[in-house]
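Read the structure below first, then the notes.
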Amino acid sequence: MDSKSLPTKAAHDARHEPILREGLAKDERSAEQLVGQRAHLPGKAAFDERHAAQDDKSATHGGEQPPHRPVDQQPPERGGARGGGGEYYVRLTVRVDDGVLSIVDSHTVDGPLAQTTAFHGPFAYEVTDGGRLLHAGSIPDLGMVRAFADPEGTPEQHRHHSYQQTSYEFDVRVPAAALREAALSNVAIILHRVKAPDHIGTRASSLAEVPLTSQRGEAFREIGRVVGIPVHLLTPDLHRDQPTPAAERTRGFKSRPPQREGDRKGEDGETSE
Amino acid sequence: MADSVTQLRAAGPAGVKRNLVVIGDGFAAADQSTYNNWVQSTLIDGVFKRDYFFEDASAWNIFRINLESVDSGISTRTYDEHGTPADASDDTISASTTLNTALGMIYSGSWAHCWMEYSSGTDAAIKAALKKWVPDSQLVLIVLNTMGFGGCGGGGRSHVTLGSDWSVIAHEFGHGLGGLADEYCVDGAYTGTDAALAVDLTTNTNRATTKWHKFIAPSTPVPTGVGDCAGYNQGTRPAGWDSNQDVGLFEGGNTNKTGVYRPVENCRMRSNSPPYCPVCYTSFKTQYDTYTGHHFRKCYAGDFNGDGRSDVLVHAGNSIQIFRSNGSQLDHVSSAVERVPGSWQFQENDQFFVGDFNGDGKDEVVVWNGVDWAFPYLGLLADDGANGLKLIARYDGDIPGWGGFARNDKFYVSSFSGDGKVDLLVFNGDDWSTTYVGMLRSTGTGFQMVRRFDGDIPGWGGLARHDQLFVGDYSGNGRDDIYIFNGADWSMSYVGMFRSTGTDLVMTARHDGDIPGWGGLAAHDKLIVGDFNGDGKADLFIFNGDDWSMPYLGMFHSTGTTLAMTHRYDGDVPGWGGLARHDRFFAADITGDGKADLWAWNYQDWSEEYLGRMISNGAGLSASFTGDWVGEWNLGGGDKFEVCDYQGFSGQPDLFVHNKDWFGMIQGRRGLTLQRIYYRWIHNYRYGRNW
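In the order they appear, the protein sequences are chains A and B. No gaps in the numbering here: position 77 of the first sequence is 77 in our numbering, and each next residue is one more. No gaps in the numbering here: position 119 of the second sequence is 119 in our numbering, and each next residue is one more.
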């Protein structure tokens, strides 16, 4: 058996006598003398009033609730106009037409927004402000239409009837606080195809605040992007001091995806996968 | 009936959860109950009461939108397929019926037309319903009021009929939520690349580099099955091989018979009803773990099915999970999100107390929350008959006789009545002008206050704010008594002994400033109750690492009415290598000989963490320890321990050890060995692990 190390232990000296604290011993002090040292619960009965409160119990909220008549537990009163302490996020609907991305709708949602670190699905998006990642998400099922297999059909119908759409939509989400600090004309929404992880069963690594391609390299292949968020799609608090919508458009609000040789090869049109 | 939404599961804010929305089409007012029943039986009790989706229930908000259609049923369209049912390009419409339904969907029953299709207004109607009724959504499940076969999915929506059962939807969710590929085989050979395949398919037959190599046992041949949609055919299929959980490389998948490999012979992505295989399961878990809110910080041991083995209840935020021990591992049996029937709504600050409160041989759970609601609540949760829990009693703000719950009420599990049903003690030294102790006797279905002590228990000389209660049957009469220690409120420290009569507490001894042989009670004495001599009377260990020039550990046996010193260890217990200031102890009959031993734990005073056993022979202790690691468990300051018996032996020889991300099962009967270690989730892979 190993022996412990460090620090040096005290020698086995004689035990000291305890030092008595100042104050009274039990027999010299009555319970009443403790009264006043305690914090009173605001609005609650003090010692003598507590007995009376027992009699009034049935008139208040106390007592057992029968299980067949569930009553919600009562939440404390909370302030704030928005839920989640005023925190909210923006959901932007992005349309893809033949590989061209455009933002077609937006919606604000109360509450915080979680950030996943796992991208096992075939697609992912990221929202960036230059070299800063604002948010990213996985898209498990995008642009595909899949009919159930027909077990009583022809052999070909024993599989899904699947085909890739040329026009489809997906949602991206970004914390309002991140958008508020960003230059809207510089914000990019990028759609990626994700290569399946090389090894399933490894710990998901943390996500840094830089674009996905900078931190996960070859796992992400860009399908397309749109740069700039039109201010008319955002609530006023998100576009104060931002460029006008017209200015954004001239900067190329809608843009074609970068053309890569081999991109999306074999993905358009009907497929029997 | 007007259109409406019902949140069937409220797991949390939309942005930190995944949001599944169900919308019905073709359900007239009179059909709404049919729709509701289908959602309940197929989705809630079907998909979400099984394997992966049951485990990760807390990741999902589920909304049911009820849209009232004018007509009952679905518009139909019949195609003349001209003898080519797999080719839609030559189809013509031969007949149609149009009904006035909320979404205007059309059922065709044609595979080539995805079985169903949208009318011109369907997409807008779906978007309008989502915008109006739910804050956010990741997947929309649209249910058609027809029993016709078929379904159509993709792009974040799944469309099914009333004829779809849970297993078909679970398979479809594998695509729609998991990004998984089909693993069944129809015909042909796969000729594409490995990179184009989903996580559950590969062309790579290299054992060391294939996607799921971590789950393939060294003894399993790679590939494992070769040929058209192969099963295990490379050598003799081992006895006990599980076609759903044992992983290899089996040719066939992606609807192709050859040229591509799947992880197991028969996953849900092949034939719907089996659970997801380890590869698909792990992919799902990894993708959605963020949204579950799960952690292992709050774990409670208890024998919830009465089989003599300790199970574990894991509480995280507004959810609980129960994992059942089979003696060597834990398996998920139940999840509850936001509330259990009854209803108790879980909150982060819920405190759980485990005991057999109704005497049925199974442990129940008392849950207390004094801070998260407008007023405090106490609940009693019991077996729901389906491996889960339900509320059988709830006390809102008070229990008759206590005079009002308060924020700092402290509860103690105690069998003070000795009637076979575990009771509760409650203490409050903070919230009132007087300190109170209450005895809450269990009736099996709730609690009754049988005695309340206001400011004193006769003989004690005054209950005080920092009184600490310790439960144990020191009199040996079958009823739990209490020790009270106070080292803070008076000029000297005290230990009192109070015997339970079942309805009252009677002081049998008070030790003022000292127990003979101890050399003086001190402010930071720490009491640990345990029958270390096995005479049926709960004895007392006292440890002090703060007040003296060296730490001390004393053993005081109960005579039935008072305490007498058995042994005092000055600075060390033989084998422990030195008592230290922050030593912590948990009493348990580790050896199963009827005598309480001690688990000892120190992570602060030495260059590495130590976990030890101090075994009692009735008169003294002999210790052993392990440092830094217990097997693969790297001991750390965030570790918490739960004394338990997950093996079903006598005594309490085991420990559950847990921190935020990790959970371990430690055997202590013969030394210290780690039996299981889990990361982020409790799952028993046949081979491999998720880290």
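Here a beta-carbon is modelled for each residue, glycine too, at the ideal position from N, C-alpha and C.
Exposure of residue i, with buried meaning 16 or more beta-carbon neighbours within 10 Å
{"i": "residue 439(B)", "result": "buried"}
{"i": "residue 223(A)", "result": "buried"}
{"i": "residue 205(A)", "result": "exposed"}
{"i": "residue 629(B)", "result": "exposed"}
{"i": "residue 680(B)", "result": "buried"}
{"i": "residue 183(B)", "result": "buried"}
{"i": "residue 146(B)", "result": "buried"}
{"i": "residue 378(B)", "result": "buried"}
{"i": "residue 433(B)", "result": "buried"}
{"i": "residue 13(B)", "result": "buried"}
{"i": "residue 671(B)", "result": "exposed"}
{"i": "residue 297(B)", "result": "exposed"}
{"i": "residue 49(A)", "result": "Model confidence at residue 49(A) stands at a pLDDT of 38, short of 50, so the residue's coordinates are unreliable and nothing is read from them."}
{"i": "residue 235(B)", "result": "exposed"}
{"i": "residue 90(B)", "result": "exposed"}
{"i": "residue 365(B)", "result": "buried"}
{"i": "residue 94(B)", "result": "exposed"}
Listed by chain order, chain B residues near residue i by CB distance under 9 Å
{"i": "residue 225(A)", "result": "Going along chain B, no residue has its Cβ under 9 Å from residue 225(A), so there is no contact; the nearest lies around 20 Å."}
{"i": "residue 110(A)", "result": "13, 14, 15 and 135"}
{"i": "residue 145(A)", "result": "114, 152, 153, 154 and 155"}
{"i": "residue 107(A)", "result": "131, 135 and 136"}
{"i": "residue 173(A)", "result": "15 and 136"}
Paired residues, beta bridge with residue i - DSSP
{"i": "residue 526(B)", "result": "543(B)"}
{"i": "residue 175(A)", "result": "89(A)"}
{"i": "residue 25(B)", "result": "144(B)"}
{"i": "residue 258(B)", "result": "189(B)"}
{"i": "residue 390(B)", "result": "382(B)"}
{"i": "residue 602(B)", "result": "610(B)"}
{"i": "residue 124(A)", "result": "138(A) and 192(A)"}
{"i": "residue 344(B)", "result": "340(B)"}
Under 8 Å by beta carbon: chain A residues contacting residue i
{"i": "residue 409(B)", "result": "Going along chain A, no residue has its Cβ under 8 Å from residue 409(B), so there is no contact; the nearest lies around 11 Å."}
{"i": "residue 692(B)", "result": "Outside the shown range of chain B (1 to 691) lies residue 692(B), about which nothing can therefore be said."}
{"i": "residue 689(B)", "result": "201"}
{"i": "residue 213(B)", "result": "199"}
Proximal chain B residues relative to residue i, where beta-carbon distance stays under 7 Å
{"i": "residue 156(A)", "result": "86"}
{"i": "residue 114(A)", "result": "15, 16, 290 and 291"}
{"i": "residue 153(A)", "result": "85 and 111"}
{"i": "residue 150(A)", "result": "111"}
{"i": "residue 168(A)", "result": "155"}
Contact set between residue i and chain A, taken where Cβ atoms lie within less than 7 Å
{"i": "residue 283(B)", "result": "120 and 200"}
{"i": "residue 186(B)", "result": "155, 158 and 159"}
{"i": "residue 345(B)", "result": "72 and 73"}
CB-CB length for residue i against residue j, believed under 8 Å
{"i": "residue 270(B)", "j": "residue 276(B)", "result": "Wrong, their Cβ atoms sit about 11 Å apart, outside the cutoff."}
{"i": "residue 534(B)", "j": "residue 594(B)", "result": "4 Å"}
{"i": "residue 189(A)", "j": "residue 125(A)", "result": "6 Å"}
{"i": "residue 602(B)", "j": "residue 572(B)", "result": "Residue 602(B) to residue 572(B), Cβ: 13 Å. No contact."}
{"i": "residue 100(B)", "j": "residue 69(B)", "result": "7 Å"}
{"i": "residue 472(B)", "j": "residue 483(B)", "result": "7 Å"}
Interface partners of residue i on chain D, CB under 8 Å
{"i": "residue 182(B)", "result": "As a matter of chain content, chain D is missing from the structure shown, whose protein chains are A and B."}
Amino acids of chain A, ordered along the chain, whose beta-carbon sits closer than 9 Å to that of residue i
{"i": "residue 629(B)", "result": "Result: empty, since nearest Cβ-Cβ is about 11 Å, beyond 9 Å."}
{"i": "residue 506(B)", "result": "Result: empty, since nearest Cβ-Cβ is about 18 Å, beyond 9 Å."}
{"i": "residue 279(B)", "result": "200 and 201"}
{"i": "residue 234(B)", "result": "Within chain A, no residue comes near residue 234(B); the closest Cβ sits about 22 Å away, beyond 9 Å."}
Closer than 8 Å at the beta carbon, the chain B residues around residue i
{"i": "residue 91(A)", "result": "136"}
{"i": "residue 117(A)", "result": "290"}
Residue i beta carbon near the ligand GDP (any heavy atom closer than 7 Å)
{"i": "residue 660(B)", "result": "Absent from the structure shown: the ligand GDP. Ligands present: none."}
Does the segment 339-348 of chain B come within contact of the segment 386-404 of chain B, defined as at least 3 CB pairs closer than 8 Å? yes
Given 8 Å, three or more beta-carbon pairs between the segment 174-184 of chain A and the segment 191-201 of chain B: no
Is the segment 553-566 of chain B in contact with the segment 635-653 of chain B, if contact means three or more CB pairs nearer than 8 Å? no
The segment 647-663 of chain B / the segment 674-689 of chain B touching (three or more Cβ pairs under 8 Å): yes
Touching by the beta-carbon criterion (3+ pairs, under 8 Å), the segment 310-323 of chain B and the segment 227-239 of chain B: no
Contact between the segment 162-169 of chain A and the segment 225-232 of chain A is defined here as three or more beta-carbon pairs at a separation below 8 Å; is this criterion met? no
I want to know whether the segment 150-157 of chain B touches the segment 142-153 of chain A - three or more CB-CB distances under 8 Å. yes
Under 8 Å, with one C-beta from each stretch per pair, do the segment 130-146 of chain B and the segment 2-16 of chain B reach the 3-pair mark? yes
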